[in-house]
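When the letters of the sequence shown are read in order and numbered with the working numbering, they come out as residues 1 to 541. The next block holds one structure in the form of structure tokens; read it before the comments.
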Amino acid sequence: MDKKIKSRVFIIGFDGATFNVIRPMLASGKLPNLQKIINEGAHGILNSTLPAHSCPAWTSLATGVHPGTHGIYGFFNRQKGKYSYPTVNSNQIQSPTMWEILSAQNYKIGVVNVPVTYPPMSVNGVMISGMLSPDMKSAFHPQSLYSEIKKAVPNYQVEVRSPEKNEEYLEEAFQNIQRRTALFKHLVDSNDFDFFMNVYTELDRIQHFYWAAMDLKNPMHSKNLPEAMKNGIEQTYKALDHSLHDVFERMTDDDLLLIVSDHGFEGVYKLFRVNQWLEKNGYLKKKIGFGKMIVKIKKMLIRMGLQTFFRKVQKRVPIAKQHDVSNLPFVRDINWKKTKAIYGPNMGININRKGEYPQGIVSDKDYESLCDEIIAKLKKTTDLDGFSPFEAIYKREEIHSGQALNLAPDIRMVLGRRPDGSGKYQLNSEFSGDIFAYSPRIHASHKKEGVIFAYGKNVKSGAKIENAGIWDILPTVFSHLGAKIPNHVEGETISEMFEKENSLKFYDYQSQISEKSEEEMNSEQAKKIENRLRELGYLED
1 MDKKIKSRVF IIGFDGATFN VIRPMLASGK LPNLQKIINE GAHGILNSTL PAHSCPAWTS
61 LATGVHPGTH GIYGFFNRQK GKYSYPTVNS NQIQSPTMWE ILSAQNYKIG VVNVPVTYPP
121 MSVNGVMISG MLSPDMKSAF HPQSLYSEIK KAVPNYQVEV RSPEKNEEYL EEAFQNIQRR
181 TALFKHLVDS NDFDFFMNVY TELDRIQHFY WAAMDLKNPM HSKNLPEAMK NGIEQTYKAL
241 DHSLHDVFER MTDDDLLLIV SDHGFEGVYK LFRVNQWLEK NGYLKKKIGF GKMIVKIKKM
301 LIRMGLQTFF RKVQKRVPIA KQHDVSNLPF VRDINWKKTK AIYGPNMGIN INRKGEYPQG
361 IVSDKDYESL CDEIIAKLKK TTDLDGFSPF EAIYKREEIH SGQALNLAPD IRMVLGRRPD
421 GSGKYQLNSE FSGDIFAYSP RIHASHKKEG VIFAYGKNVK SGAKIENAGI WDILPTVFSH
481 LGAKIPNHVE GETISEMFEK ENSLKFYDYQ SQISEKSEEE MNSEQAKKIE NRLRELGYLE
541 D
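Laid out in structure tokens, this is it:
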């Protein structure tokens, strides 16, 4: 294929890829393309953000800064002065992204399926938004690309349907991997990109829901499963490895290929229901009322398989609409006048401070001592076997800094692993049930250690990458392209992977492309995303 000779960068994201699975598959020869990169290129651990979560991690890759600077901490961010947690979107990112910076320097870019890219930006090239897009049609820039892709890659989807533990879901996920690869080929073959990034999210979903099928030590493991389900995770890695063949075919000697994950993965042993713990220890008080009763009825009907019936009733009964059970329980069920702290959907404990929330009761004078008290009690908490669920617990200032510190939760918990290898603990925001409980749906979750593979003529053969963070990807990309890098970037070039490192050219960045859209999601779009996150197991009633 004839191409203009220039240095380009391809980033392929394998959401949730982990050496926990990759290493044994490499040993048995099941991942030939990743093995080729290990033999001829560089590889190693890519550390994620804290928390190790797709939204802050991919945003740190895009911006080259930590969450305290870019302001994305999870699927939802806190709002000062409100008891609400809006779904994050690209308009809320407080640092410029590499797509904006490269566009301003006239590099042509393609960005496909990266989380927190909705609404799509007016980049110099193409952008198809990823996870958290409310619908397909509005996820394309330019808008004309939508009809083109509908013809070129029929049935392309931002997300496959909600995960179910059956063979049909696995087959649908594998088909979507093929569609993403077909989209990659179509866009790269029909455009002259300098930079192209494509993220596969299917691996993350399948590992969350199928891990126990392959993990003999997981408490939810069952021997009575179809072989397709037992091998589902391995087959997903094989499909992703196969997709790399099409990338290799399109590379020239001067190109750089980076394969990265936003975090790793490991098994979940039990849930730790933080809000139940807070209530038991006197820091949280729930309301007693009709809304709570509606929630109980909904859960009962779901267990009976009558969720569709409930939705029909909810549409017809005015009082059910008034107590809309899809509202987050942090507004619906809490007696704020008697609540000091709550575990929110921003994945940490939030203190109900005076002046920060409408019914705040914790004064500035008592804030620090309350945080210290909660942390001390959490550190003494153990499960029935005497094991602590925590590896570490921090105040926000101990791990975050920057212009968006105020959006971070006040207390952040890092989950620990059981010494018997049966898994780690998973934080959970449910307001009912035992404090420690087995997870009926999610059998694995994220860990800090992700993966990175690098391939290209300027990459050291056999090099081992150590101590790299996901925020280091931006300066590494800019180094290869010879692009100027903004002074505010916090990451550093992953220099150990290069035979020859280009010196970075720093400058004071000023936005030179069109401003981000001011349009916010309407309530219907926000509801679609909220329901999707609930179906994926990321949000509890």
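We put the CB at the ideal spot given by N, CA and C, even for glycine.
Using a Cβ distance threshold of 9 Å, D253 and K457 count as a contacting pair. Annotation note: the stretch 374–437 contains the following uninterrupted alpha helix (DSSP H) runs of length 4 or greater, listed N- to C-terminal: 396–399. Contact between I342 and C371 does not hold, since the beta-carbon distance rounds to 14 Å and is not under 8 Å. For G232, the enclosing alpha helix (DSSP H) stretches over residues G232 to R250. For H43, the uninterrupted beta strand (DSSP E) run begins and ends at A42 to N47, by DSSP. Rounded to whole angstroms, the gap between the alpha carbons of Q79 and L407 is 7 Å. Counting other Cβ atoms within 10 Å of its Cβ, S84 stays below 16 and is therefore classed as exposed. For S60, the CB contacts under 7 Å within the same chain, skipping 5 residues up- and downstream, are T49, H66, P67, H70, I470 and W471 in chain order. DSSP lists V9 as the beta-bridge partner residues of L256. The C-alpha of Q207 lies about 20 Å from the C-alpha of A27. Residue pairing by DSSP places F14 opposite Y200 in a beta bridge. For P142, the closest alpha carbon among the candidates V158, V123, P134 and K151 is that of V123. Within the same chain, Cβ atoms closer than 6 Å to the Cβ of F453 are found at I37, H43 and I259, the five residues on either side in sequence being excluded. Under the DSSP assignment, I465 falls in the beta strand (DSSP E) whose first and last residues are A463 to G469. In this structure, T97 places its C-beta atom within 9 Å of the C-beta atom of M121. Comparing alpha-carbon positions, the option among D434, I435, I494 and E449 lying closest to A463 turns out to be I494. With a contact defined as Cβ atoms closer than 8 Å, N113 and V153 miss out at about 12 Å. If you draw a straight line from the Cα of Y455 to the Cα of F195, it comes to about 15 Å. In the same chain as M220, and ignoring 5 residues on each side of it, the C-beta atoms closer than 6 Å to its own belong to A212 and H443, in chain order.
Secondary structure of R332 (DSSP, three-state): helix.
V362 is positioned such that its CB atom lies closer than 9 Å to that of N352. The way I'd put it, the stretch 428–447 doesn't touch the stretch 234–250; fewer than three beta-carbon pairs between them come closer than 8 Å.
Sixteen is the threshold: when 16 or more other Cβ atoms of the shown chains lie within 10 Å of the Cβ of R332, as they do, the residue is buried.
Contact between the stretch 214–232 and the stretch 134–150 is absent, with fewer than three C-beta pairs closer than 8 Å.
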